[in-house]
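Step one of this worksheet: look at the structure below.
2 protein chains.
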Amino acid sequence: MSTFNAHDIAKAAKTAFQDSQLIPSSERAHALHEIRKSLEANKTEILKANEQDLQAAELEVKAGKMPETLLKRLDLNRGDKWDSMLQGILDVAALPDPTGNVSYASELDDELELYRVACPIGVLLVIFEARPEVVVNITSLAIKSGNAAILKGGKESSRTTTLLARAISTGLAKTSVPELYVQSIQTRAEVSSLLELDQYIDLVIPRGSNSLVKNIQNSTRIPVMGHADGLCSVFIDEHADVSKAVRVALDSKIDYPAACNASETLILHEAVVNTVWPSVAKALLEANVKLLCDPISLGALKELSPRPTNLETLVSPSDVSSYDTEHLDLILSVIVLPSLQSAIQFINSHSSHHTDSIVTESEAAASMFCRGVDSAGTFVNASTRFADGFRYGFGTEVGVSTGRIHARGPVGLDGLVTYKYMMKSKAPSGHIVSEFGAGKKQYKHKPINATAVPFLT
Amino acid sequence: MSTFNAHDIAKAAKTAFQDSQLIPSSERAHALHEIRKSLEANKTEILKANEQDLQAAELEVKAGKMPETLLKRLDLNRGDKWDSMLQGILDVAALPDPTGNVSYASELDDELELYRVACPIGVLLVIFEARPEVVVNITSLAIKSGNAAILKGGKESSRTTTLLARAISTGLAKTSVPELYVQSIQTRAEVSSLLELDQYIDLVIPRGSNSLVKNIQNSTRIPVMGHADGLCSVFIDEHADVSKAVRVALDSKIDYPAACNASETLILHEAVVNTVWPSVAKALLEANVKLLCDPISLGALKELSPRPTNLETLVSPSDVSSYDTEHLDLILSVIVLPSLQSAIQFINSHSSHHTDSIVTESEAAASMFCRGVDSAGTFVNASTRFADGFRYGFGTEVGVSTGRIHARGPVGLDGLVTYKYMMKSKAPSGHIVSEFGAGKKQYKHKPINATAVPFLT
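If you're matching them up, the sequences are chains B and G in order. Here the first sequence stands for residues 1 to 457, numbered as in the UniProt record's numbering. Here the second sequence stands for residues 1 to 457, numbered as in the UniProt record's numbering.
Pasting the structure below:
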């Protein structure tokens with residue numbers, strides 16, 4: 001989009017952010033509608049560029065330089081992708097404004113009121129791979145939450161993202177939202193320069209592979225919000241109900257094995273090895289799931305009569321690395337442990353602290369699991385696949401965070417806001433701190449019941 | 001305290017954290033009382049070690065290797081410091097539990113409930129300089145909020161902090177909180193190793209100089225919560241009341257000039273140069289504040305009749321660096337700007353986004369300032385010195401964050417917690433996602449009114 005250097009881009013983004021603070025949030029929603037119109041008006045041109053990106057990618061795939069799965073993700077004209085991309089803009093526009101809400105309010109003294117109010121973070125740097133519709137998706141989220149954004153897509157989608165970004169700017173130009181509110185860059189060199197500019201950029205959001213996220217975390221002091229991996233597990237407790245165990249274990253694994261919230265490990269309480277496990281194993285094998293079993297779970301399957309038909313082809317012994325592997329496929333590591341306590345310890349050591357589920361009828365076990373497992377999601381008798389912003393009811397999803405700071409688990413628009421404190425004295429002579437202290441005025445700290453700051457116009 | 005290496009220390013901290021998750025929060029408050037008792041029982045020994053630290057420091061000061069101000073900060077026997085340190089433990093113990101509160105709850109489907117519940121972050125690495133009582137202060141905050149902590153003090157207080165840490169461990173040993181919940185380390189080498197261990201350490205909290213904070217941010221991918229500097233300003237608007245302007249400008253500067261929330265810059269709307277400014281300047285000069293003035297504000301003072309007596313000694317021209325300097329002393333940079341809008345832009349470019357205040361009688365100007373200034377605190381007719389955890393009513397202060405992610409501004413115990421999502425299905429066959437979708441079940445997303453998770457025992 002731009003021929004500026006990284007410093008100019010970042011500074012322009014910060015200025016655009018600051019200039020936008022006086023614009024009412026209704027104007028930001030209006031901007032989303034203008035962007036949708038502009039994209040629709042440029043549909044033919046954008047899809048032509050996407051076709052060119054696809055043709056170039058096909059050559060790469062044929063030359064063995066690119067995985068074939070990438071073609072699907074690149075194709076903006078596939079199925080209803082275009083229409084659902086545009087509908088997504090309207091969906092985000094219709095969500096409640098995540099800014100302006102008061103989360104703490106206190107009367108510090110007569111006529112001295114303090115409000116903690118949600119506000120945008122500032123400038124987001126979003127780095128993603130392949131799927132060009134992420135440009136549109138992230139733009140919607142950034143504008144809705146009042147943040148400026150700098151977007152960097154994969155080079156394989158550069159023709160498409162350039163035109164998408166241009167159409168977005170055209171839409172923005174019809175509103176009072178600054179035109180440089182959303183900027184798009186194309187080269188990797190610019191990214192590494194941008195990662196140094198912590199005076200302008202407030203948050204980096206990488207959306208892509210583990211290695212992308214780790215590389216970025218290692219090369220910036222700007223906070224990074226991303227999820228590195230999803231190593232989720234299902235624990236079948238000694239008090240598990242068989243049918244729940246079968247349903248939850250199966251859904252967690254097979255509903256969408258490539259997702260970060262799919263389960264990779266099944267943990268069995270030793271009490272269920274000969275009771276619940278055979279039914280669960282049969283269901284998994286019927287669904288063509290490859291099982292990597294520890295000796296006890298493997299032994300139990302070999303003793304079954306009749307033996308499951310595909311035992312020989314689908315079941316094999318696990319090794320020590322199995323329980324630290326994100327399979328992202330129809331593969332499941334299985335281990336037997338002697339107690340709920342040991343299962344919690346095992347999950348805390350081996351899971352990626354994303355989402356883990358217990359199957360149990362015991363309320364005490366459920367409570368202990370939810371307290372003890374140190375993950376963003378701890379579920380009882382429910383599939384790990386529920387860990388998702390849309391399913392949680394956020395209306396949209398910025399990503400899933402396996403970090404613990406600021407946002408954890410599925411992140412909605414709330415993850416793109418921070419807060420500031422506003423204080424106003426209505427006293428005839430204002431308020432100063434030297435009037436307070438021993439023998440002087442004391443702080444009242446009387447809670448105020450407010451959902452918005454009363455003195456903002 | 002420990003002869004273990006950094007990896008062992010960090011791993012032990014994480015294990016202690018995870019093991020502590022099933023301990024009720026009442027036991028954590030009990031631990032604080034035991035720690036207070038243990039410190040009191042070892043008072044003589046600790047103060048003797050502190051005396052040794054002081055003697056060693058005095059030699060360093062005499063040799064010109066250490067600033068004399070450090071001696072005051074080191075001395076644990078000075079005034080009521082010891083007693084207020086112990087009282088601080090009881091104060092923190094008595095604060096409301098920051099964990100367990102539900103901030104989002106939704107019925108996703110009949111008999112499928114989701115709760116977002118506050119929980120500790122994990123392992124904190126706290127690095128501080130000089131003041132040994134920070135060991136006790138941070139220990140209280142960490143235990144109260146359910147986090148494990150690794151503490152590293154300055155080498156000038158090592159004898160004191162070693163004994164403080166030992167007394168803390170002795171107190172912890174009398175409770176069910178793991179003994180290695182709080183560990184103390186002494187060498188810088190251990191710190192740099194710890195900063196690499198992001199699999200065990202979840203948050204780094206530096207408390208000290210700007211350079212300490214920046215160095216740490218540059219050398220770790222673990223999130224850092226610290227405040228780098230405090231460059232606060234007061235803007236006197238064209239609609240300012242003279243007496244409020246005098247009081248707020250004076251208190252912001254002179255109440256405690258070395259604090260991060262003291263003002264460093266005074267911005268004058270050009271309309272008040274000959275009206276409000278003379279009174280403000282006279283008050284500042286009477287308080288012995290050195291003024292670094294731009295040409296217009298300087299000119300206005302020179303034209304005053306009678307001339308302020310100490311004009312020659314205290315007033316001098318500013319230079320371009322004045323407005324980016326944290327004076328931390330009785331020095332104030334002064335600049336005249338043509339509008340509220342330009343003042344907001346100036347603050348956003350030059351302040352450290354800590355706290356800025358406007359003096360105005362105009363509600364529109366107050367609102368525009370509070371919205372437009374991109375700082376953690378935006379105040380109206382109130383001193384910048386109010387920006388403080390105790391004054392805000394948090395009961396305690398972890399620090400002041402000029403970062404925007406996770407915690408911003410004065411940070412109370414809430415800054416030491418994150419959240420996790422707990423979900424429970426009560427349906428007879430549990431819950432799986434493949435039952436939802438087009439032509440199948442739809443999500444209800446019905447808000448639940450709850451302050452705690454009902455299924456935790």
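Ideal Cβ positions, reconstructed from N, Cα and C, are used throughout, including at glycine.
Cβ-Cβ separation, residue j to residue i (assumed contact under 8 Å), whole Å
i                : j                : result
Ala93 (chain B)  : Met225 (chain B) : Going by Cβ atoms, the distance from Ala93 (chain B) to Met225 (chain B) rounds to 23 Å, so no, they are not a contact pair.
Glu129 (chain B) : Leu212 (chain B) : 7 Å
Ser316 (chain G) : Leu292 (chain G) : 6 Å
Gly377 (chain G) : Gly409 (chain G) : 6 Å
Ile448 (chain G) : Ser106 (chain G) : 6 Å
Thr139 (chain G) : Ile46 (chain G)  : Not really, about 14 Å apart at Cβ, beyond 8 Å.
Ala240 (chain B) : Val276 (chain B) : 5 Å
Thr355 (chain B) : Thr384 (chain B) : 5 Å
Leu76 (chain B)  : Trp82 (chain B)  : 6 Å
Contacts that residue i makes with chain C (C-beta to C-beta distance below 8 Å)
i                : result
Ala376 (chain B) : Annotation note: the requested chain C is absent from the structure, which comprises protein chains B and G.
Residue i: contacting residues in chain B (beta-carbon distance under 7 Å)
i                : result
Gln18 (chain G)  : Asn348 and Asp374
Ser434 (chain G) : Asp251 and Asp255
Val248 (chain G) : Gly430 and Ile432
C-beta neighbour in chain G for residue i, strict 8 Å
i                : result
Gln442 (chain B) : no
Pro306 (chain B) : no
Thr99 (chain B)  : no
Gln87 (chain B)  : no
Asp202 (chain B) : yes
Thr3 (chain B)   : Bear in mind that the predicted position of Thr3 (chain B) carries a pLDDT of just 49, short of 50, making it unreliable; the figure below should be weighed with that in mind. Cβ-Cβ to chain G under 8 Å: no for Thr3 (chain B).
Arg408 (chain B) : yes
Ile46 (chain B)  : no
Ile405 (chain B) : yes
Leu22 (chain B)  : yes
His33 (chain B)  : no
DSSP bridge partner residues for residue i (one or two, in chain order)
i                     : result
Glu107 (chain B)      : B:Glu113 and B:Lys446
Met422 (chain B)      : B:Tyr115 and G:Thr378
Gln183 (chain B)      : B:Ile150
Arg207 (chain B)      : B:Phe128
Pro410 (chain G)      : G:Val400
residue 480 (chain B) : Outside the shown range of chain B, which is 1 to 457, sits residue 480 (chain B), and nothing can be said about it.
Pro120 (chain G)      : G:Val417
Ile335 (chain G)      : G:Ile267
Cys293 (chain B)      : B:Pro317 and B:Val334
Beta-carbon contacts of residue i that lie in its chain and below 7 Å, excluding the five residues immediately before and after
i                : result
Ala382 (chain B) : Val248 and Ser357
Thr3 (chain G)   : Note on Thr3 (chain G): pLDDT 49, under 50, position unreliable in the model; the coordinate value appears next. Excluding positions up to five away in sequence, the list is empty.
Asp237 (chain B) : His269, Leu340, Ile358, Val359, Thr360, Ser362 and Ala365
Lys11 (chain B)  : Tyr200
His30 (chain B)  : Thr175
His445 (chain B) : Ser106 and Leu108
Interface residues of chain G facing residue i [CB-CB closer than 9 Å]
i                : result
Lys424 (chain B) : Ala366, Cys370, Phe379, Val380, Asn381 and Ala382
Ser243 (chain B) : Pro428, Ser429 and Gly430
Any C-beta of chain B under 8 Å from that of residue i
i                : result
Pro223 (chain G) : yes
Val134 (chain G) : no
Asn218 (chain G) : yes
Arg36 (chain G)  : no
Beta-carbon proximity list for residue i, same chain, < 6 Å, skipping 5 on both sides
i                : result
Phe235 (chain B) : Ile267, Ala343 and Ile358
Ser176 (chain G) : Ile23 and Glu27
Glu326 (chain B) : Asp229, Leu231 and Glu264
Tyr115 (chain B) : Val102, Ala105, Met422 and Val453
Cβ neighbours of residue i in the same chain (closer than 8 Å, five flanking residues each side left out)
i                : result
Thr162 (chain G) : Met1, Ala49, Ser184 and Gln186
Chain G residues whose Cβ lies nearer than 8 Å to that of residue i
i                : result
Leu108 (chain B) : Phe386, Arg391, Tyr392 and Gly393
Phe455 (chain B) : Glu363, Ala366, Ser367, Cys370 and Val380
His445 (chain B) : Gly393
Chain-ordered chain G contacts of residue i [CB-CB under 7 Å]
i                : result
Leu114 (chain B) : Tyr392
Closer than 8 Å at the beta carbon, the chain B residues around residue i
i                : result
Gly122 (chain G) : Asp374 and Arg404
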